Structure formats: C-alpha cells, structure tokens
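Below: one structure, written as structure tokens.
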Amino acid sequence: MTPMKIGFVGLGTMGLPLANNLRRAGHAITVWNRTAEKAEPLVRKGARLAPTPRAAASGQELVFTCVADEKALEAVLEGADGILAGLKDGDVFVDTSTAGTRAARSVEERVRSRGASFLAAPLLGSKGAAEQAQLVVVCGGPVAARDRARPALHAVSSRIIELDEPAQAALMKLVVNSLGGAMMAGFAEALALGVSGGLETSKVIETIQASSFHSPLYLMKGDQIAQRDFAPRFALALAEKDQRLAQEAAAEQGAKLSVNQTVRQLMADAIAGGRGELDLAAVADLVFERSGLKR
-2 MTPMKIGFVG
8 LGTMGLPLAN
18 NLRRAGHAIT
28 VWNRTAEKAE
38 PLVRKGARLA
48 PTPRAAASGQ
58 ELVFTCVADE
68 KALEAVLEGA
78 DGILAGLKDG
88 DVFVDTSTAG
98 TRAARSVEER
108 VRSRGASFLA
118 APLLGSKGAA
128 EQAQLVVVCG
138 GPVAARDRAR
148 PALHAVSSRI
158 IELDEPAQAA
168 LMKLVVNSLG
178 GAMMAGFAEA
188 LALGVSGGLE
198 TSKVIETIQA
208 SSFHSPLYLM
218 KGDQIAQRDF
228 APRFALALAE
238 KDQRLAQEAA
248 AEQGAKLSVN
258 QTVRQLMADA
268 IAGGRGELDL
278 AAVADLVFER
288 SGLKR
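Residue numbers for the sequence shown follow this note's numbering, beginning at -2 and rising by one.
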C-alpha cells in the first residue's frame, strides 16, 4: 500500500477512531475538529492539526468528513474556510456521515463544480467496531474515485459495499438504520411485556437469542438495558435523526413508512424526556416507564 496524504474533518465518536486507523495504516493525516482539544491524541502520534476545514482539505489526496448530521456537514463545507474552498481539480472527497439522500445529491453537485469527485461512504457499526477497524462501509460514487479511496477505506473497515451513486449509498444507510430503529423499539416492548408478567429480563433475552429471531443487536442492547447502562455508544438523538432522514427520503420517493413514523415518535418522546444524549437503548427506559415498571 502506498501511503496517502489525507485530510480528516470531524473527530467525534466515530471520526476519531477512523482517523487513528488511517494513521496506523501509514497515511499522513491532517485533521480539524470544531473542538481542537479532541485532536490532541492524534497530534501526539504525528497527525498535523489544521486551523480550518479548508486547510485540512488543501493539498490532500483524499479528504474525509465524519460529522453528526447534514447541518454539521454544511458548516464544514461552505464559506471561505470550508472544505469546498480547499478542493481542487481531481481531488476526492469522502463523507462518512449519515446526512441523507438530499444532502448527498447537493454535496455531489457542489464538489463536481470544483472539478473534484464525491463519495458518500456512510458507516455501519458501533464505536467498538470503528476502533477495531471492523466497520462496514457503504460507498457510492464514481468508479475512479472509489478505486482511489479503496485502500483508505480498507484501513477502517472489514467490508466495503460499493454502489454507483452517492445518493444510493446514503439511501442504503437509511434502509439499515430504519430497520435497526424498528428492531430496537420492538425489542424494548417485548422486554416490557415479559417483565410486566414477572419474567426476568435476562431470561427473556436468553430465550429471544435462542429463537429464530435472535440478533447481535438484542444481545448487546439487552445487556445495556438489564444493567441500565445507557452511556452513549450511539446517541438516541442521532438515531432519531436517522429516522427523520428516512422519512424525508420516503416522502421524496413516494414510499410509506408507517412503522418508521411510530419509531421516530417513540424516540422523539424519549428525547423530550431528557434521554437524547443517552444510548439508543434508552428507548427501553421510556417503554418500561410507560408500562409502570420500576427500573
């Protein structure tokens, strides 16, 4: 593998381990984050800290972003100090955020106007998977750009699923997260049903995992629910955002997502109750509360 010069913007829960894995793979990393202190662990290991997103993007072979949502993406893209101002003809910009299909099409158009190529490359997996370079990356965009970015994407993932257009990759991530939200809500209600009838939480989880409906999600989140450990692996506010983006995509495409609508409302209610910064599993806390179950 030939080391590349890579700019990386956004060092949050997922961005920091991604950038670190790129560094560990031997790439020269220039980073920017809204809170500069979060970059210190990487800078101590040899990364260069840029003063602006534009500076992080300038002169790089690849430019990555990993931010919370479409608004955060706009904030680092636009303006005199934004990434777009730092792109030049032939550059490849890779966005690993979950920002939705509308944002993917808009960003693609603006990046192409700079003579550069855009890849939407949203991530499937948790913080732990990111730290261990075991994510699945859904990458959509031009073949030549995918070829250029593939070695870097392999450094942060165990599998890459490739599609022809950025908006396709953005939609695929929403497909997966829409299903994940429904699974989480259904799991929480199933646990509440069992516990309200006197069953032990651990026994309910054990039985579900022994059935044909078992899932790694239930095993992981079940332990969190049983221990009331809602430290954020994937924040509920971000999960609700993904359900919103799925609804927006469905409205554009003429699809009807009644389950998604119900799940999003459940998440919104949990956020309104002060659980937005907790883990997705905290929806179970609300479901148990509504069922009159003391936790």
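We put the beta carbon where it would ideally sit given N, CA and C, even for glycine.
Note that the structure is a prediction, hence the values are computed from the model and not measured.
Exposed or buried, what is residue i when buried is set at 16 or more other beta-carbons lying within 10 Å of its beta-carbon?
| i | result |
| --- | --- |
| Glu237 | buried |
| Gln240 | buried |
| Val135 | buried |
| Arg41 | exposed |
| Thr95 | buried |
| Leu190 | exposed |
| Ser114 | buried |
| Ser255 | exposed |
| Thr204 | exposed |
| Glu105 | buried |
| Gly83 | buried |
Kindly list the residues whose CB is nearer than 7 Å to the CB of residue i, restricted to its own chain and excluding five residues on each side of it in sequence; keep chain order.
| i | result |
| --- | --- |
| Ala246 | Gly97, Thr98, Leu168, Leu171 |
| Ala149 | Met1, Ile3, Leu19, His24, Leu59 |
| Ala279 | Phe227, Leu233, Ala267, Arg272 |
| Gly194 | none |
CB-CB under 6 Å to residue i, same chain, minus the five flanking residues each way: which ones, in chain order?
| i | result |
| --- | --- |
| Arg45 | Thr27 |
| Ala152 | Asn18, Leu19, Ala22 |
| Met(-2) | Pro148 |
| Gly137 | Ala117, Leu160, Glu162, Pro163, Gln165, Ala166 |
| Gly219 | Ile202 |
| Gly112 | Asp86 |
| Phe231 | Leu277 |
Which residues share a DSSP beta bridge with residue i?
| i | result |
| --- | --- |
| Thr32 | According to DSSP, which records beta bridges pairwise, Thr32 is partnered with nothing at all. |
| Cys136 | Glu159 |
| Arg45 | Thr27 |
| Leu13 | Per DSSP, none; premise fails for Leu13. |
| Gly4 | Thr27, Val60 |
In chain order, what residues of the same chain have a beta carbon less than 8 Å from the beta carbon of residue i, not counting five sequence neighbours either side?
| i | result |
| --- | --- |
| Arg143 | Leu116, Cys136, Glu159 |
Report yes or no: do three or more beta-carbon pairs, one from the stretch 0 to 10 and one from the stretch 46 to 64, lie closer than 8 Å?
-> Verdict: yes, contact present.
Do the stretch 42 to 54 and the stretch 22 to 31 touch if we need at least three Cβ pairs shorter than 8 Å?
-> With a cut-off of 8 Å, the stretch 22 to 31 and the stretch 42 to 54 count as touching, because enough Cβ pairs lie within range.
Within the stretch 72 to 117, ranges of the alpha helix (DSSP H) (whole runs, at least 4 residues) = As summarised for the stretch 72 to 117, the continuous alpha helix (DSSP H) elements at least 4 residues long and confined to that stretch are 80 to 83, 98 to 110, given in chain order.
Quick one: complete beta strand (DSSP E) runs, 3+ long, within the stretch 152 to 181?
-> Segments of the beta strand (DSSP E) lying fully in the stretch 152 to 181: 154 to 160.
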